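For the sequence shown, position 201 (counting from the first letter as 1) is numbered 200 according to numbering that gives the first Met the number 0, and the numbering increases by one without interruption.
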Amino acid sequence: MKTFDYRRATDVGTAVAAVAADPGAAFLGGGTNLVDRMKLGVASPDLLVDVTRLPLDRVQELPGGGLRIGATVRNSDLAADPVVRAHYPVLSQALLSGASGQLRNLATTGGNLLQRTRCVYFQDPDTPCNKREPGTGCSARDGYTRYHAVLGASESCVAVHPSDMAVALAALDAVVVAVGPDGERWIPLTDLHRLPGDAPERDTVLRHGELITAVELPEPVPGARSAYRKVRDRASFAFALVSVAAVLRVADGRVRDVRIALGGVAHKPWRATRAEEALIGAPATAEEFERAAGIELAAARTLRDNAFKVPTARNTITAVLRDLARGGDS
Ligand SMILES: Cc1cc2nc3c(=O)[nH]c(=O)nc-3n(C[C@H](O)[C@H](O)[C@H](O)COP(=O)(O)OP(=O)(O)OC[C@H]3O[C@@H](n4cnc5c(N)ncnc54)[C@H](O)[C@@H]3O)c2cc1C
Ligand code: SF4
C-alpha cells in the first residue's frame with residue numbers, strides 16, 4: 000500500500016478545507032470500504048482526514064417532524080435507534096440486511112452512502128475498467144455479470160451501487176446535507192448518485208472536498224407501512240442481487256401513497272416512479288402490484304448472466320407490496 004498522511008479532524012470547516020485543498024486527499028469514515036480499496040490498489044490517497052470524531056454522531060428528531068441522522072452515526076446504532084425502528088422500519092431492516100455485525104459497528108452513514116461498486120473488475124487493478132481508469136474500457140460488458148445493472152446502464156459502465164441503506168433512504172425521500180468550501184447544500188438522496196453515462200468514474204454529484212454532514216428524513220407518511228426485502232446469494236455477508244424498499248398507504252382498498260426503490264439493479268438506488276404513478280388510486284391487489292412492476296421493468300436491458308434480475312425484481316416488488324397491503328411489517 001502507498002504511504003499516506005493521516006489527520007484527525009476536530010471541526011467540519013477544517014476537515015473540508017484540508018480535503019478541498021489537496022486533490023489526493025479523502026475523508027475517512029469507518030474505513031471499511033476505503034481502506035479495503037487502498038489495500039487492493041484501487042484507491043491511493045496521499046492524505047486521509049478522519050471525520051469520525053466530528054460532532055456528527057447523533058440521531059435527532061427535527062422540530063417540524065422528521066429525523067436528522069448525523070453523518071458519523073454508525074450503521075448499528077442507526078438500525079437500533081428506537082425512533083427509526085418504530086417509524087422508519089424500512090431503514091432499520093435495510094441496515095440490518097447489510098454486511099455483518101462487526102462491519103456495521105464501524106460503518107458510518109456518510110461512508111455507507113459513498114461506498115463504491117463491488118464490480119469484480121473495478122476491484123482488480125489488472126483489468127480494464129472505465130470507472131477506475133477512464134477510457135480503458137469495461138471488462139464486465141463481455142465478462143461475468145450476475146451482479147450487474149439491468150436499468151439505467153451505459154456502454155461505458157454496467158456496475159450497480161452496493162448500499163442497502165441508500166435504497167431505503169431513496170424510498171423515504173431522504174435529503175443529504177453536504178458542506179463544501181462554498182457552503183452548505185441539500186441534495187435529495189435520489190439525486191446524490193449518478194447514472195454512469197459516459198463518465199462512470201463519478202459516482203455522485205458531490206464535488207471534491209464536500210463532506211456529508213447529515214441525512215434528513217421527512218416525517219413518516221401517516222398510516223403508511225414500510226419494509227425492505229433483499230434477494231442475495233447467501234443469508235448474510237452478501238450484496239443484493241435485487242432489493243426492494245417500499246412505503247405503502249392503503250385506504251378503502253386502494254393505494255393512496257406509495258414509494259418504491261430498487262437496489263442491485265442500477266448504478267444508483269433506483270426510484271421506481273413509473274410503478275408508483277401506475278399504482279396511485281389503483282386497487283391494492285397483487286395483480287395491480289405485478290402490473291405496475293412490469294411497467295417499471297419494461298425499460299430493463301439484461302446482460303449475459305443477469306436476465307434473472309427482471310423476474311426477480313418483479314416478483315419481489317409484488318410480494319413486498321402485497322405483504323404491506325395485508326398489514327405486514329409496520
Ligand atoms: C465483506 C463486506 C460485506 C459488505 N456487505 C454489505 C452489504 O451487504 N450491504 C451494504 O450496504 N454494504 C455492505 N458492505 C459495505 C459497507 O456497508 C461499507 O463498507 C460501509 O458502509 C462504508 O462505511 P465507512 O464509514 O466504513 O466508509 P469509508 O470506507 O470510511 O468511506 C467510504 C467512502 O466515503 C467517503 N466518506 C466517508 N465519510 C464521508 C463523509 N461524511 N462525507 C463525504 N465522504 C465521506 C470516503 O472518502 C470513501 O470514499 C460490506 C462490506 C464488506 C467489507
Ligand atoms: S461495469 Fe463499470 S465498474 Fe465494472 S468493469 Fe465496467 S466500467 Fe468498471
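Glycine residues also receive a C-beta, built at the ideal position from the N, C-alpha and C atoms. Here the structure is a predicted model, which means the values were calculated and not measured.
Cβ-based burial, residue 73 [other Cβ within 10 Å; buried from 16]
Mapped onto the sequence shown, residue 73 falls at position 74. Buried: at least 16 other Cβ atoms inside 10 Å.
Per DSSP, which residues does residue 24 bridge with? Please list them.
In the sequence shown, counting from the first residue as 1, residue 24 sits at position 25. 46, per the DSSP bridge assignment.
Verify whether the separation of the beta carbon atoms of residue 99 and residue 238 is less than 8 Å.
Counted from its first residue, the sequence shown places residue 99 at position 100. Counted from its first residue, the sequence shown places residue 238 at position 239. No, Cβ-Cβ distance for residue 99 and residue 238 is not below 8 Å.
Report all residues for which the CB-ligand distance to some heavy atom of ligand 2 is below 5 Å; order them along the chain.
118, 120, 121, 128, 129, 130, 137, 138, 139, 156, 157 and 158
Got a sec? Which residues, its chain only, sit under 6 Å from residue 200 by beta carbon, not counting five neighbours each side?
Here residue 200 is taken as the residue at index 201 of the sequence shown, counted from 1. Cβ within range, chain order: 130 and 133.
Report the partner residues of residue 294 according to the DSSP bridge assignment.
Walking along the sequence shown from the start, residue 294 turns up at place 295. In DSSP, residue 294 forms no bridge with anything.
Excluding sequence positions up to five away, which residues of its chain have a Cβ less than 7 Å from the Cβ of residue 187?
Taking the first residue of the sequence shown as 1, we reach residue 187 at position 188. Contacts found: 174.
Sufficient close CB pairs (3 or more, under 8 Å) joining the region 86-104 to the region 154-173
yes
What span of residues does the beta strand (DSSP E) with residue 211 cover, start to end?
Walking along the sequence shown from the start, residue 211 turns up at place 212. Counting along the chain, the beta strand (DSSP E) containing residue 211 begins and ends at 210-216.
Are there any heavy atoms of ligand 1 lying less than 7 Å away from the beta-carbon of residue 104, as far as the coordinates show?
Mapped onto the sequence shown, residue 104 falls at position 105. No - ligand 1 has no heavy atom lying nearer than 7 Å to the Cβ of residue 104.
What first and last residue would you give for the beta strand (DSSP E) that runs through residue 225?
Taking the sequence shown and counting its residues from 1, one reaches residue 225 at position 226. First-last of the beta strand (DSSP E) with residue 225: 224-230.
Pick out whichever of 37, 122 and 323 has its Cα sitting closest to the Cα of residue 0.
Reading the sequence shown from its first residue, position 1 is the one you call residue 0. Residue 37 is the option with its Cα nearest to residue 0.
Does the beta carbon of residue 34 fall short of 7 Å from some heavy atom of ligand 1?
Counting from 1 along the sequence shown, the entry for residue 34 is found at position 35. Residue 34 has its Cβ nearer than 7 Å to a heavy atom of ligand 1.
Sort 202, 211, 265 and 285 by Cα distance to residue 253 and report the nearest one.
Your numbering for residue 253 matches position 254 in the sequence shown. Considering only alpha carbons, the answer is 285.
Pair every Cβ in the region 27-46 with every Cβ in the region 117-125, then say whether three or more of these pairs are closer than 8 Å.
yes
Counterpart residues of residue 245 in DSSP-defined beta bridges
In the sequence shown, residue 245 corresponds to position 246, counting from 1. 226 and 259, per the DSSP bridge assignment.
Do the region 104-115 and the region 24-32 touch if we need at least three Cβ pairs shorter than 8 Å?
Contact holds: three or more Cβ-Cβ distances are below 8 Å.
Anyone know if the C-beta pair for residue 278 and residue 287 falls short of 8 Å?
Numbered from its first residue, the sequence shown carries residue 278 at position 279. Numbered from its first residue, the sequence shown carries residue 287 at position 288. For the 8 Å CB-CB criterion, residue 278 and residue 287 form a contact.
Is residue 65 buried or exposed, if buried means 16 or more other CB atoms sit within 10 Å of its CB?
Within the sequence shown, the letter at position 66 stands for residue 65. Residue 65 should be labelled buried.
8 Å contact criterion, which residue 271 and residue 260 should meet: CB distance rounded
One-based indexing of the sequence shown puts residue 271 at position 272. One-based indexing of the sequence shown puts residue 260 at position 261. About 7 Å; that satisfies the 8 Å criterion.
State yes or no: is the C-beta of residue 114 nearer than 7 Å to some heavy atom of ligand 1?
Indexing the sequence shown from 1 puts residue 114 at position 115. Yes, ligand 1 has a heavy atom inside 7 Å of this Cβ.
How should residue 185 be labelled, buried or exposed, when 16 other C-beta atoms within 10 angstroms of its C-beta is the threshold for buried?
One-based indexing of the sequence shown puts residue 185 at position 186. It is exposed - the Cβ of residue 185 has fewer than 16 other Cβ atoms within 10 Å.
For residue 52, count the other beta carbons within 10 Å of its own beta carbon; 16 or more makes it buried, fewer makes it exposed. Which is it?
Position 53 of the sequence shown holds residue 52. Result: exposed.
Taking the alpha helix (DSSP H) that residue 59 falls in, what are its first and last residues?
Taking the sequence shown and counting its residues from 1, the one referred to as residue 59 is at position 60. Per DSSP, residue 59 belongs to no alpha helix (DSSP H); it is in the beta strand (DSSP E), 58-60.
Tell me whether residue 334 sits in a helix, a strand or coil according to DSSP, three-state version.
Outside the shown range of the chain (0 to 329) lies residue 334, about which nothing can therefore be said.
Report the residue ranges of all alpha helix (DSSP H) runs contained in full by the region 47-127; include only those spanning at least 4 residues, in chain order.
Counting only runs of at least 4 residues, the region 47-127 fully encloses the following alpha helix (DSSP H) elements, listed from N- to C-terminal order: 74-79, 81-86, 88-95, 100-105 and 108-113.
Residue 94 beta carbon less than 8 Å from that of residue 77:
Position 78 of the sequence shown, counted from the start, is the residue given in the question as residue 77. Position 95 of the sequence shown, counted from the start, is the residue given in the question as residue 94. Between residue 77 and residue 94, the C-beta gap is smaller than 8 Å, which places the two residues in contact.
Where residue 12 falls: helix, strand or coil (DSSP):
Here residue 12 refers to the residue found at position 13 of the sequence shown. In the structure shown, the three-state DSSP call for residue 12 is helix.
In terms of residues, what are the limits of the alpha helix (DSSP H) holding residue 193?
Numbered from 1 along the sequence shown, position 194 holds the residue referred to as residue 193. For residue 193, no alpha helix (DSSP H) segment is defined, and its DSSP state is neither H nor E.
Residue 300 to residue 307 span [Cα, whole Å]:
Along the sequence shown, one-based indexing puts residue 300 at 301. Along the sequence shown, one-based indexing puts residue 307 at 308. Put simply, the backbone Cα of residue 300 is about 11 Å away from that of residue 307.
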